[in-house]
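S.K.:
In this note's numbering, the protein residues as written are -11 to 381.
Dropping the structure here:
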């Protein structure tokens, strides 16, 4: 497979199902190369540099105004573009500071007991034959982030299809129908949070929504709305993928499940290696705001870069024998949650949920095994399972 074929395969279902052979070809071709009007970056070291480089920008509202003047009419697109996910300094700095002031390490750490209690409840109620995504990987993180945001428990199942429809906006490829569904989902989720914001203005609670509402002097109304939606989506979408991928790895390698069962303190190392081995986010993009030299190549202002995070996480120059799952690796630093100013604000929460849940699963369900073919979501950017049938043994 030559590098053009490898790149093209990522835009086909079979290539997306297992992108790692294509990544190997692309990385061997070059750390940085131009194809289809975009620079592609494949190596761990260069991607790390790009993620942290102050000249690298996100496509923001002003950029969208130039290449898609009516983008605001699609409220799914607007939900992301108007959030800090797609904002550059100084606005990004201001908005992220406000969000970080509420989404604090102390608040996240205080969720450990909640995560453990929710995990235990879900494990105990899991039927003998189940879809792991449906019965655990989705309900745990949605319950956690909704508890943080102050979303009532009865409303939590309502979000699943809507968020699934919304996240297609993050993909590089989508159909017209998918974008129509993203618009519908965006409008419905916006309406929900407009109601929740109004309620918290009247009656503040001890939750993130109330805390962000109190930041009115810092955030505009649209920024408040968009970033609450972002926190909800980012708070469970990647974690659902992380949990599904993690338990699949452990079911496929019972010796690793046994080690984690015997020593739950290994969980942080296991989670970092899961993130490296099969990242829940496979790709992100940047634009050069000024000339930048990468690996001897000059990137001109306005040029786009596709950062293949999944390729970086299996770069043999950074991780020897990269296609082997090895939780004993030292110095694992996956780029799965990005880096620099746009490093994922919810990464500590995602890590904590997996660190708590995975040891509990292999301990309380020692006979957990796959019970039929898994179904991967057909996505290029967000990688995970839509179905993972299991039997609890």
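Using N, Cα and C, we set each Cβ at its ideal position, and we do this for glycine too.
Owing to the predicted nature of the structure, the values given are computational and were not obtained by experimental measurement.
Are the CB atoms of residue 230 and residue 338 nearer to each other than 8 angstroms?
M.R.: It is a contact, given that the beta carbons lie within the stated cut-off.
S.K.: Tell whether a beta-carbon distance below 8 angstroms holds between residue 228 and residue 115.
M.R.: It is not a contact, given that the beta carbons lie outside the stated cut-off.
S.K.: Taking residue 8 as the reference, give the member of 38, 331, 266 and 178 with the closest Cα.
M.R.: Of the candidates 38, 331, 266 and 178, the one whose C-alpha sits nearest the C-alpha of residue 8 is 266.
S.K.: Please report how far the alpha carbon of residue 172 lies from the alpha carbon of residue 64, in whole angstroms.
M.R.: Going by the C-alpha atoms only, they are around 7 angstroms apart.
S.K.: Where do the ends of the beta strand (DSSP E) carrying residue 280 lie?
M.R.: It spans 280 to 282 - the beta strand (DSSP E) in which residue 280 sits, taken as one unbroken run.
S.K.: Need the endpoints of the alpha helix (DSSP H) that residue 135 sits in, please.
M.R.: 127 to 137 is the extent of the alpha helix (DSSP H) around residue 135.
S.K.: If I follow the unbroken beta strand (DSSP E) through residue 294, where does it start and stop?
M.R.: Here the beta strand (DSSP E) through residue 294 covers 292 to 296.
S.K.: I want to check one thing, is the minimum distance from the CB of residue 298 to the heavy atoms of the ligand FMN below 7 angstroms?
M.R.: No copy of the ligand FMN occurs in the structure displayed, which carries no ligand at all.
S.K.: Taking C-alpha atoms, which residue in 367, 13, 313 and 291 lies nearest to residue 27?
M.R.: Checking every option, the nearest Cα to that of residue 27 belongs to 291.
S.K.: According to the neighbour-count rule (16 or more other Cβ atoms, all chains shown, within 10 Å of its Cβ), is residue 201 buried or exposed?
M.R.: Label assigned to residue 201: buried.
S.K.: Classify residue 5 as buried or exposed, calling it buried when 16 or more other Cβ atoms lie within 10 Å of its own Cβ.
M.R.: It counts as exposed.
S.K.: Please give the ranges of any alpha helix (DSSP H) in the region 25 to 90, keeping only runs that are unbroken, at least 4 residues long and fully inside the region.
M.R.: Within the region 25 to 90, the complete alpha helix (DSSP H) runs of at least 4 residues are 32 to 40, 49 to 55, 63 to 69 and 79 to 90.
S.K.: On a CA-only basis, which of 368, 369 and 363 is nearest residue 375? Give me that one, please.
M.R.: Ranking the options by Cα distance to residue 375, first place goes to 363.
S.K.: Considering only the beta carbon of each residue, do residue 82 and residue 274 sit closer than 8 angstroms?
M.R.: No, Cβ-Cβ distance for residue 82 and residue 274 is not below 8 angstroms.
S.K.: What whole-angstrom Cβ distance do residue 302 and residue 315 have, given they're in contact under 8 angstroms?
M.R.: Contact doesn't hold; Cβ gap of about 15 angstroms is too wide.
S.K.: So for residue 172, helix, strand or coil by DSSP?
M.R.: In this structure, residue 172 counts as helix in the three-state DSSP scheme.
S.K.: Quick check: the Cα distance between residue 207 and residue 86, rounded to an integer number of angstroms?
M.R.: Their backbone Cα atoms lie some 8 angstroms apart in a straight line.
S.K.: Should residue 355 be labelled buried (16 or more other beta-carbon atoms within 10 Å of its own) or exposed?
M.R.: With fewer than 16 Cβ atoms within 10 Å of its Cβ, residue 355 is classed as exposed.
S.K.: Taking Cβ to Cβ, would you say residue 346 is nearer than 8 angstroms to residue 185?
M.R.: The answer is no: Cβ separation not under 8 angstroms.
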